[in-house]
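J.: Take the sequence shown: its letters are residues 3 to 143, numbered as in the working numbering.
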Amino acid sequence: MPKTAPNRHQVGALPLRSRDGQWEVCLVTTRETRRWTIPKGWPMRNRKDWVAAEIEALEEAGLKGKTGRKPIGSFLYWKRLVDRLELIRVEVYRMDVTSQLPTWKEASERQVGWFSLPTAAELVEETGLMALLTSLADENA
Numbered sequence: 003m004p005k006t007a008p009n010r011h012q013v014g015a016l017p018l019r020s021r022d023g024q025w026e027v028c029l030v031t032t033r034e035t036r037r038w039t040i041p042k043g044w045p046m047r048n049r050k051d052w053v054a055a056e057i058e059a060l061e062e063a064g065l066k067g068k069t070g071r072k073p074i075g076s077f078l079y080w081k082r083l084v085d086r087l088e089l090i091r092v093e094v095y096r097m098d099v100t101s102q103l104p105t106w107k108e109a110s111e112r113q114v115g116w117f118s119l120p121t122a123a124e125l126v127e128e129t130g131l132m133a134l135l136t137s138l139a140d141e142n143a
């Protein structure tokens with residue numbers, strides 16, 4: 003494991019909705035390892051990071067909504083590349099979901115699910131994302 007900070011970053015959306023007075027978060031599975039995580043991807047040229055996060059949520063889970071312009075946190079994870087693993091920092095932007103499309107770009111490539119914040123924290127493997135979800139759950143308890 004490298005002792006230096008990651009030099010690459012991604013952007014992610016934390017899609018939230020309120021159901022029966024409780025917050026739920028939308029998680030998606032990764033394409034290759036099928037782990038639960040949030041919609042995320044690389045920054046996009048000529049787009050603000052929060053816009054790129056919103057686009058990732060649309061492409062990966064069919065979500066539309068209002069995305070915050072400042073990150074609410076970040077987490078680290080190991081991205082599997084063709085010839086190596088690379089440590090990536092994901093800047094996370096809150097997305098208040100208003101609708102979910104019946105079909106979307108990557109619908110056939112991923113599972114998508116809505117979970118309570120505590121359940122979502124148990125499902126994800128990245129400790130930083132788990133901590134972010136747990137913190138939100140504690141704030142909203």
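Note that beta-carbon positions come from the ideal geometry of N, C-alpha and C, so glycine has one too.
Small disclaimer: the values here were computed from a predicted structure and weren't measured.
1) For the putative contact between valine 30 and tyrosine 95, defined by C-beta atoms under 8 Å, what is the C-beta separation to the nearest angstrom?
2) For the putative contact between threonine 69 and glutamate 56, defined by C-beta atoms under 8 Å, what is the C-beta separation to the nearest angstrom?
3) Label leucine 16 either buried or exposed according to how many other C-beta atoms from any shown protein chain fall within 10 Å of its C-beta, with 16 as the threshold for buried.
4) With a CB to CB cut of under 7 Å and the five nearest residues on each side skipped, what residues in its chain are close to valine 114?
5) For the 8 Å Cβ check, are there 3 or more pairs between the segment 125 to 141 and the segment 45 to 55?
6) Please report whether the beta-carbon of tyrosine 95 lies at a distance below 8 Å from any beta-carbon of chain C.
7) Name the DSSP beta bridge partners of lysine 81, please?
8) From which residue to which residue does the beta strand (DSSP E) around leucine 29 run?
9) At what residues does the beta strand (DSSP E) containing glycine 70 begin and finish?
10) Residues bridged to serine 20 by DSSP?
11) Whole angstroms are fine: how far does the CA of arginine 112 sit from the CA of arginine 33?
T.: A quick look at the data gives this:
1) No, valine 30 and tyrosine 95 are not in contact; Cβ-Cβ is about 15 Å, not under 8 Å.
2) 4 Å
3) buried
4) Cys28, Val30, Ala63
5) no
6) Here there is only one protein chain, and chain C is not present.
7) Glu88
8) 24 to 31
9) Careful: glycine 70 lies outside any beta strand (DSSP E) and carries neither H nor E.
10) Trp25
11) 6 Å
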